[in-house]
Amino acid sequence: MKTHHFGSSHHDIEQAAQILADGGLVAIPTETVYGLGADALSDQAVAKIYEAKGRPSFNPLISHMASPAMARNYVEWSEAAERLSNAFWPGPMTLILPAKQDCAISQLVRAGLPSVAIRVPAHPVAQTLLSKLGRPVAAPSANPSGKISPTTIDHVIAGLDGRIDAVVDGRACEIGVESTIISLLDDPVILRPGNITIEEVRAVLGTDIKTLTDADTITSPGQLTSHYAPNASVRLNATEFGADEKSLGFGEIGGDLNLSPTADLREATANLFSMLHELDSRAGSKIAVAPIPKHGLGIAINDRLRRAAAPRS
Ligand code: TXA
Ligand code: MG
């Protein structure tokens, strides 16, 4: 299959929306990472996502919506959902909510669960495309399963060229790590840390909120321990680097590449996946990464780094 490249003109986005309406696969930019989209209401279209990514079928997908109003057609809404959506949508937050009885989202998207993951992305290309299409788009990150998430169109093409119908270029993703996932099925709990921090969520809800610990990973089936893995091995919290190591620095700890020479966690988040992609493409089989502070956005960065360094299954 030839993968078509679209720009971000209205005409191009319209054609991309048509491919989705016809049941095709289109990689689309969001402000977090690129997503591999398919019509969330079509089993056939969604099946192609699993096939293209080589993704285990028990792993459910996020349904992307043009607006909170569209989301409410599919899930049971709640006071907490209202508060969080007012505060953070459109934006880098995913909510897990109970599916409505008549929810039309494909069972393949939900992987058979009685809940649905919903997100309203802020990226203008994603917004335009979702509004034109008028239906939800199921989209995991647009990378082969278990590999590093894509933050540029070049990453998408390197991983999936020839396996998907099209990519839409929306430039480099501003945020650079996947959305914060919050389950509202019971007491609110953060299933995956992201750009929106625990402190921000707590402030909006006005209550305490739990974070998923590694021991509980089963509640979020997608949180496989080895994930976001480069081809090279990854060593963490390195304060010195070996001669055979490709090094990723932070702040004063230099490195071949540096996530943020000024130790700015926002900059480091935006650079994380593209620098891992870059180091992975260079010669050598080992990557070592400097320590990253374990607060604020550093929590999401450390979460992704731990998975990149985890034993491969
Ligand atoms: O920023 C993002 O979230 C990106 C962009 C494309 O939106 N998407 C993304 O999708 O990271 P993916 O498939 O790589 O991660 C989705 C996560 C998985 O860990 C999955 O297990 C979890 O969401 N998930 C989906 N539905 C769920 C559900 N009903 N209950 C619990 N976890 C769910
Ligand atoms: Mg992913």
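Under the numbering used here, the residues of the sequence shown are numbered 1213 to 1525, in order. Backbone N, C-alpha and C fix where the C-beta goes; we use that ideal spot for every residue, glycine too. This structure is a prediction, so every number in the text was calculated from the model and none was measured.
Residue pairing by DSSP places L1309 opposite V1328 in a beta bridge. Residue range H1216 to F1218 is occupied by the beta strand (DSSP E) that includes F1218. Following the DSSP letters along the chain, one finds D1224 inside the alpha helix (DSSP H) bounded by residues H1222 to A1233.
For D1366, no beta strand (DSSP E) encloses it; the enclosing alpha helix (DSSP H) starts and ends at I1365 to L1372.
Taking 3 residues as the shortest admissible run, the region 1260-1323 contains the following complete beta strand (DSSP E) segments, listed from N- to C-terminal end: 1274-1276 and 1305-1310.
Counting along the chain, the unbroken alpha helix (DSSP H) around D1492 starts and ends at L1477 to S1493. According to the DSSP assignment, K1359 belongs to no alpha helix (DSSP H), since it is labelled neither H nor E. In the structure shown, S1497 falls within a coil segment according to DSSP collapsed to helix, strand and coil. In the three-state reduction of the DSSP assignment, I1504 falls in the coil class. Judged by the Cβ position, V1245 qualifies as a neighbour of the ligand TXA at the 7 Å threshold, a heavy atom of the ligand being closer than this. According to the DSSP assignment, R1519 belongs to the alpha helix (DSSP H) that extends over G1510 to A1521. Taking the C-beta atoms as reference points, L1248 is found nearer than 8 Å to A1264.
Positions of the beta strand (DSSP E) runs, each at least 3 residues long and wholly inside the region 1370-1403, are given as 1378-1380 and 1392-1395 in order along the chain. Not one heavy atom of the ligand MG sits closer than 7 Å to the Cβ of E1263. When the Cα atoms are used, R1284 and G1346 turn out to be separated by approximately 14 Å. Annotation: E1386 to A1480 spans about 11 Å, alpha carbon to alpha carbon.
A check of alpha carbon separations from S1497 across A1329, S1472, K1506 and G1454 identifies G1454 as the nearest. Secondary structure note for L1460: it is in no alpha helix (DSSP H), and the uninterrupted beta strand (DSSP E) holding it is K1458 to G1461.
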